[in-house]
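Single-structure report; data block below.
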Amino acid sequence: MVHALKEAYRILTPNGTMMDMRPLSVDVPLEIIHTGGRDNAGMIDTSPGIEFDVAAEDAIASVLKEGLFFERNVENFDFTLFWKSIRAMQAYIEEKWKDDVIISEEVWRQAKKLLKMYRPQSKIRVGIQMKMGKYEKLG
């Protein structure tokens with residue numbers, strides 16, 4: 000990752016901006032949203048991505064220490080996803096998150112139960128925690 004950041008440094012114009020935006024490996028709730036509010040079906044385990052988080056943080060720290068970039072701003076925010084069905088969510092996970100999340104059978108069971116209880120005005124919501132860093136090229 001350090002190599003990629005050094006390549007970004009090489010191609011950026013003087014005082015150019017590099018953006019680092021990525022999901023964080025922080026467990027998040029799988030919620031069922033309905034007319035009366037929301038219910039938590041359980042937690043989604045995002046620990047499979049922790050090694051990427053650590054490597055990305057180490058790479059950013061390395062280029063900051065080398066004086067290649069200056070940290071302008073870092074913010075965390077939620078990126079919220081919605082699905083109408085378990086099947087749609089599972090298809091999304093298979094395509095986008097296959098190796099990045101673990102959802103227990105108990106969480107799936109609870110989600111199915113809650114969706115059925117609140118139909119037809121229910122949907123699934125997951126708020127992924129994101130990090131966005133803005134870095135200015137030095138030199």
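Numbering follows numbering that gives the first Met the number 0, with no gaps: position 5 of the sequence shown is 4. By construction, the Cβ of each residue, glycine as well, lies at the ideal position given by its N, Cα and C atoms. The model shown is predicted, which means the values in this text are computed figures rather than measured ones.
Next item on the list: Using the DSSP secondary-structure output, state which residues sit across from Phe76 in a beta bridge.
Entry: Reading the sequence shown from its first residue, position 77 is the one you call residue 76. Partner(s): Met129.
Note to self: Once DSSP output is grouped into helix, strand and coil, what is the label at Pro119?
What the structure shows: Along the sequence shown, read from residue 1 onward, the residue named residue 119 stands at position 120. DSSP places Pro119 in coil when its eight states are reduced to three.
Next item on the list: Could you name the residues of the same chain whose beta carbon sits closer than 7 Å to that of Phe81, not counting the 5 residues immediately before and after it, in chain order?
Entry: Residue 81 sits at position 82 when you count from the first residue of the sequence shown. If we look at Phe81 and ignore the five residues flanking it on each side, its Cβ neighbours are Lys122, Ile123 and Arg124.
Checklist line | Euclidean distance between Cα positions of Thr34 and Lys83 | finding: Reading the sequence shown from its first residue, position 35 is the one you call residue 34. Reading the sequence shown from its first residue, position 84 is the one you call residue 83. Using only the alpha carbons, I get a separation of about 14 Å.
Notebook entry, point to check: So, does the CB of Val73 fall closer than 7 Å to a CB anywhere in chain D?
Noted result: Within the model displayed, chain D is absent; a lone protein chain is all it includes.
Next item on the list: Compute the Euclidean distance between the alpha carbons of Asp57 and Ser103, then round it to the nearest angstrom.
Entry: In the sequence shown, counting from the first residue as 1, residue 57 sits at position 58. In the sequence shown, counting from the first residue as 1, residue 103 sits at position 104. So the alpha carbons of these two residues sit roughly 30 Å apart.
Note to self: Going by the DSSP bridge assignment, what does Trp82 pair with across the sheet?
What the structure shows: The residue given as residue 82 occupies position 83 in the sequence shown. BP columns for Trp82 point to Ile123.
Check: Roughly how many angstroms separate the alpha carbons of Asp19 and Lys130, rounded to a whole number?
Finding: Counted from its first residue, the sequence shown places residue 19 at position 20. Counted from its first residue, the sequence shown places residue 130 at position 131. Each residue's Cα considered, the two are about 8 Å apart.
Margin query: Tell me which residues share the same chain as Leu4 and place their Cβ nearer than 6 Å to its Cβ, disregarding the 5 neighbours each side in the sequence.
Written below: One-based indexing of the sequence shown puts residue 4 at position 5. Excluding positions up to five away in sequence, the list reads Ala58 and Val62.
Checklist line | According to DSSP, residues forming a beta bridge with Phe51 | finding: Counted from its first residue, the sequence shown places residue 51 at position 52. Paired residue(s): none; Phe51 is not in a bridge.
Check: Roughly how far, in whole angstroms, is the beta-carbon of Met29 from the beta-carbon of Ala90, given that I think they are within contact range, below 8 Å?
Finding: By one-based count along the sequence shown, residue 29 stands at place 30. By one-based count along the sequence shown, residue 90 stands at place 91. Contrary to the premise, residue 29 reads as Leu rather than Met in this sequence. With a Cβ gap of about 15 Å, Leu29 and Ala90 do not count as contacting.
Notebook entry, point to check: What is the residue span of the alpha helix (DSSP H) that Ile10 lies within?
Noted result: Here residue 10 refers to the residue found at position 11 when the sequence shown is read from its first residue. Element bounds for Ile10: Val1 to Ile10.
Note to self: Just verifying my parser: in three-state terms, what is the DSSP assignment at Leu23?
What the structure shows: What you label residue 23 is simply residue 24 of the sequence shown in a count that begins at 1. Coil, per DSSP.
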